[in-house]
Amino acid sequence: MDASSLLEFYRSDRRKLLEFLLSSGLIKEIRTASGSSTTSLSSINLDYISTDYVLQSIQSGGVLDIALATKRYYEESVQPIMVHLQKRELYFLLSNPESVGSPPQRVPPPILTNQANGYRSHPSNLLNRWDYPNVSASGVENGVKSDRTAMHLDTANVLDTPQLGLPYLRTGLLDDDLRESAYEVCLACMVFSGFEIHVIEGRRKEKSTKFLSGLKSRKGKKYLQSQSSERHIELLDTIRMQMQISEAMDAFARRRLTQLASVKAWGQINVPEISLGLLNGTFRSDFASEKSYIQWKHRKAYIVEECFSFANRSEKGTVADLLGKIRNTEEWDSKLSPYERSEILLALRQSVCILSSRPARFGIKGETYYWTASYHLNIRLYEKLLCGLFDILEDGQLMEETDELLNIIKLTWSLLGITQKLHSALYGWVLFKQFTGTEDVTLLDYAILEIRSVLFSEPSEEREDEYMNSLMCSAACGGRDVQLNLVQSICLSISSWCDSKLQDYHLNFSQKPSLFKGVTTMALLVGKCEVDACGNFKSLESDDPGEIASRKVRVYVERSMDAACKMVMHDVYFESDISTHPLAVIATKLRKIAEKEFSVYSPVLREWFPEAGVVASIRLHQFYGERLTPFLKDASSLSEDVRVVLPEASMLEDYLTELYYSACHENGLNLLSGEEFVPYQIGEISRPIILDWIIAQHARIMEWTGRAFDLEQWEPLSHQQKQAASAVEVFRIIEETVDQLFKLRLPLDITHLQALLSIVFHTLDAYLLKVVGQLVDKQNLYPPMPPLTRYKEATFPVIKKKLAECAVLDNEVNKKLHELTTAKLCIRLNTLQYIQKQICVLEEGIRESWASAQHPENRRNCKFSCFWLQSHISGSITCHKCFICLKSMMSIALL
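Numbering that gives the first Met the number 0 numbers the first residue of the sequence shown as 0 and each following residue consecutively.
What follows is the structure in C-alpha cells.
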C-alpha cells in the first residue's frame, strides 16, 4: 500500500474518532465561528479540527470553540513533533527530525549460546566490528534487523515514494481536493477554448450508473481516433472516470462552467476565477447531502486562498476574512442575504483581478502573474491531470487514448503555466512515480524518453529558462535542505531513488532483475548533477560523460558488494541452527552472490564500466580473505573444521579467480597491478596437512591388507566371480582412500599424487608378496621317485649306476603343499588376473579425479600428469614373476 492510501485511511479513522467524541455527550456545547451554538456535525470540517484541543475541551468542561480548534490545527501543523511520555510531559524536538534521523528501530541480537553440534559462539575474528559497527557495549545491536528486508524498511518507506519538494500547501489541501480541482480546471479550459462539453440527458441515461462502468465496457474494443465533438465528450468522460469524479459532480461542474463562459468573454482565465465562478449562485440544494456541499465549498475557498499564498500580508488578510465567511456554513447559508453573498464574491473577484493585473515576470507569451505566484499549486494540479492517464483498472497501465488525452490536457498549459519542456519534465516525473508503485518496466522506458528529451533538448529561449529556474523546490541532501529549480529537483529526486536501489542491487533486484538495466540507465541519465558540501547544486555536464558513468557504476558495485557481504554476515550471525562452520556457510553464500553478479548484473554494468566484474570479484575476494586468514593461521591438522572450511574457501577462490581473469580477458583489460588477488595460501597450508593424512592412511591400509589376507580361505566369491575375497577387499580399501583424498576438495599437487601412488604400490606389492610367500618352489611339487627308479642312468654302461638323491621336505613345505590344491591354485591365478584388470580401472579413476581436482590454471598440464600417472601405475604394480610362478605351478599340478 502506498503512502497516499495510508494517509487516506488515517484521515478516515481520524474523522470517525472525532465524530464519536463529539456525538458521545462528552462535549456539552459546540460554538461556531460566529459565536452561536450548534449541534450539527455536518457543518464542521473535521479534517481541520485539532484533536488535542478537543481532548482538552473535554477535560476542561466540555465547551468546544470551532474557530479556536481550527486555529490550533494550523498552529500545530507548523510546530515541531511532540512526544507524549507517561509522566504527561511534552518535549519539543528543536532540530529537524529528518536531518537527525529516526531513533533506532532495530531489534537487539539474540543471546548466543554454545550448542553441542553447532557454531553459535562465533570467534571474534570472524564477526568483527567492521561487520556490525553499531553494536553497543550493553549488547543492544543497532545495525542489524531480523531479516534483510526489515533491515532496509526505514529507508525504503521514504525512498519508495520520491517527493518533488514543492512548497507546501498552506491551506492543507488534500489529494482529493487537488484531483477534483484539476478536473474542473480541465473542464474550464475546454469551455473557454470553444469545445462543447454539454451532454444530452438522453445520452446520459443510456450509460451505466455504476462508477467506472464506461472503462469496463471498452475492454477489447478497437481504438478509433476521431476529432468530432462527440469524440471530445467521450474523452472527457474517460478523464472523469479516470480521476474518479462522480457523474453528479461532473454534471454540476459542466453546467456551472458553461454558465460562467456565457457571461465572461472567452480568453484568459485563472484558477481562482474558476473557483469563484463555481461558488457564485451555488446553494445547498445543488448537492445530495449537506456534508458534500460543505466539503465542496471549503475546497473552493482553500483553492482561492492558496493562490494568495505569496501575496502581501494585507491582501492575504483581506482575502482570508472574506473566505472565512464563505467557510462559515451557518453564516453563509442562513444569515447572509443573496446580495451580501454577491458582494463578498465581488470583493474576492476584485482582489483576484488586482493580482491578475500585475505584470508577468518574464514576458513569455501567454504568461500571467499566477504562473509564478501559485506555481506550487499549478504544478500539483497538472500532476493530477497527468495521473489520470493511467488506467485504474489495469494496475497503472497507460490508457490506449493517451495521445488524445494529452491533447486535451495540453489546453491547460496557458492557465497553469506549463511549457513543452516543463511538460516533458513533469510527465517523466509522473511516469517514474507510477513505475515505483507498479514496477512496470514499460513505464520506466517512457520516463527515460521524457527525461532524456528534457536534458538533451535544443536550447530554449532565455526567458523560458529563467522562468523554469524560478520554479524553486526544496530537497534534503547530505543532511541539509537545498533549493533547486523544478527540473533539478526532479533529477535529484529520481537520482536519489535510483541510487538507493542500486547501492544494494543484490537485494532490491533479486526478485525482478529485469528492472535492473532500466533503473541503471535512468540513474546515469539524471546523475550528472550533485550537491556539494555547501549545499550548492553542481552540474557535471562539463566532465566526460563516460567518466561520470564509470565513476558512479563503480560506486554501485562496491557498495552493493559491501551490503551483500554484510548481509551474509548478518544471516550467519543470526542463523538459528548452524550445523557447520560459519566460514563454510559464508563461502557458500558468497559464491552464490558471485554467480548472480556475473550472470545478471555485470553484463549490464559493463556497458558503462568495463571493470565491473573485476571490481566485484576483487571485493568479494578481499572480504572473505580478511575472515579466512585468522582461521588459516590456526589450521595445523585435518580436523573437522578444516575439512569443512578449506574446501569451500578453495572453491570460492577458484571461482572468483576464474571470473576475474575471464572479465579481464573479455573486456581486453590488463590485470590491475594494485588490486590483483592476494592468494589465500590454502595450498601452502593444506599441503603438509594432506601429506600427514596420506601417511596416516598408509599404515591403516597396510594393517587392513594384512588382516584381509590372513582371513583368506581362497574360496571363490561366487560361481561367476572366481577371485579371492581378500583381493576385492584390498581394492575396496584402496578405492575408499582415493575417494576420501579427492573428496577433501583441497588443492592437490604432484607430491600428493606421488604419495597416493606410493600407497597403492606398496599395498598391492605387500599383498602379492604374501601370495608368493604361500607358494613353494616348483621342484617341491614333483612327487618322490619310486624305489625301482632311484638310480640314475649312467653315461657309460660299464660304470655302476649311482643312487638317485631324494630330498626330504620339511614340515613348512609339506604344510604349504597340503594347502596348494589345484582349486586353490586356480583361485590364486584368477585373483592375479583380477588385480591386473582392476589396476586399469583404478588408473582411469585416479586420472579423472586428478584432472577435476586441478586448479583452472593448471588443467592444461593435466595431460602430462595423466601420462606420468599411467607410467607409474602400469609399470610398477604388475608382478610378472608372480604370474609366471603361478602358471608353472598350475601346469605341474594338472599333470
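For glycine and all other residues, C-beta sits at the position ideal for the given N, C-alpha and C.
key: Beta-carbon spacing of residue 751, residue 824 below 8 Å   = no
task = Reducing DSSP to helix, strand and coil, say where residue 479 ends up.
result = strand
task = On the DSSP bridge assignment, give the partners of residue 715 in chain order.
result = 723
message = Taking the alpha carbon of residue 684 as the reference point, which residue from 370, 420, 649 and 288 has its own alpha carbon closest?
response = 649
task = Compare the Cα-Cα distances from residue 436 to each of 396, 558 and 632 and report the closest residue.
result = 396
key: Residue range of the alpha helix (DSSP H) that includes residue 633   = 611 to 633
request  = Just the C-alpha distance for residue 65 and residue 444, rounded to the nearest angstrom, thanks.
outcome  = 50 Å
ask   = Among 632, 678, 748 and 837, which residue has its Cα nearest to the Cα of residue 730?
value = 837
request  = Under 6 Å Cβ to Cβ from residue 271, same chain only, skipping five residues before and after it: list those, please.
outcome  = 303, 306 and 351
task = Would you be able to state if there are at least three C-beta pairs under 8 Å between the region 837 to 854 and the region 734 to 753?
result = yes
Counted within 10 angstroms of its Cβ, other Cβ atoms place residue 339 as buried (16 or more) or exposed = exposed
ask   = Can you tell me whether DSSP reads residue 473 as helix, strand or coil?
value = strand
inquiry  = So, with DSSP's three-state summary, where would you put residue 390?
reply    = strand
inquiry  = Looking at residue 627: is its Cβ nearer than 8 Å to the Cβ of residue 658?
reply    = no
message = Assuming residue 472 and residue 165 are in contact, meaning their beta carbons sit under 8 Å apart, how far apart are those beta carbons, in whole angstroms?
response = 6 Å
request  = List the residues that DSSP assigns as beta-bridge partners of residue 63.
outcome  = 29
ask   = In chain order, what residues of the same chain lie with their CB nearer than 8 Å to the CB of residue 714, ignoring the 5 residues before and after it?
value = 723, 724 and 826
task = For the region 376 to 387 and the region 165 to 185, state whether three or more C-beta atom pairs, one from each stretch, are separated by less than 8 Å.
result = yes
key: Beta-bridge pairing of residue 397 - partner residues as DSSP gives them   = 389
inquiry  = Can you find the residues in the same chain that come closer than 7 Å, C-beta to C-beta, to residue 600, ignoring five residues on each side of it along the sequence?
reply    = 504 and 515
key: CA-to-CA distance, residue 290 to residue 8, given in whole angstroms   = 19 Å
key: Alpha-carbon to alpha-carbon, residue 661 and residue 871   = At residue 871, the pLDDT of 47 sits below 50, so the modelled position is not reliable; the number obtained from the coordinates is stated separately. So the alpha carbons of these two residues sit roughly 36 Å apart.
Whether residue 502 touches residue 558 by CB criterion (8 Å) = yes
task = Sort out for me which residues DSSP pairs residue 44 with in a bridge.
result = According to DSSP, residue 44 bridges with nothing at all.
message = I need the DSSP call for residue 223, collapsed to helix, strand or coil.
response = Interpretation of residue 223 is limited by its pLDDT of 38, a score under 50 that renders its predicted location unreliable; no figure is taken from the coordinates.
request  = Please classify residue 279: does DSSP put it in a helix, a strand, or coil?
outcome  = coil
query = Going by C-alpha distance, which of 389, 297 and 615 is nearest residue 402?
reply = 389
key: residue 13 versus residue 488: straight-line alpha-carbon distance, rounded   = 33 Å
ask   = In terms of DSSP beta bridges, what is residue 484 paired with?
value = 471
request  = Tell me whether residue 242 sits in a helix, a strand or coil according to DSSP, three-state version.
outcome  = coil
query = Candidates 260, 518 and 255: which alpha carbon is nearest residue 193's?
reply = 260
key: residue 492 to residue 624 span [Cα, whole Å]   = 38 Å
ask   = Between which two residues does the alpha helix (DSSP H) carrying residue 772 extend?
value = 749 to 772
request  = Taking all protein chains shown into account, decide if residue 695 is buried (16 or more other Cβ within 10 angstroms of its Cβ) or exposed.
outcome  = exposed
inquiry  = If distances are taken between C-alpha atoms only, which option among 50, 251, 367 and 829 comes closest to residue 720?
reply    = 829
message = Among 54, 732, 240 and 69, whose alpha-carbon lies nearest the alpha-carbon of residue 48?
response = 69
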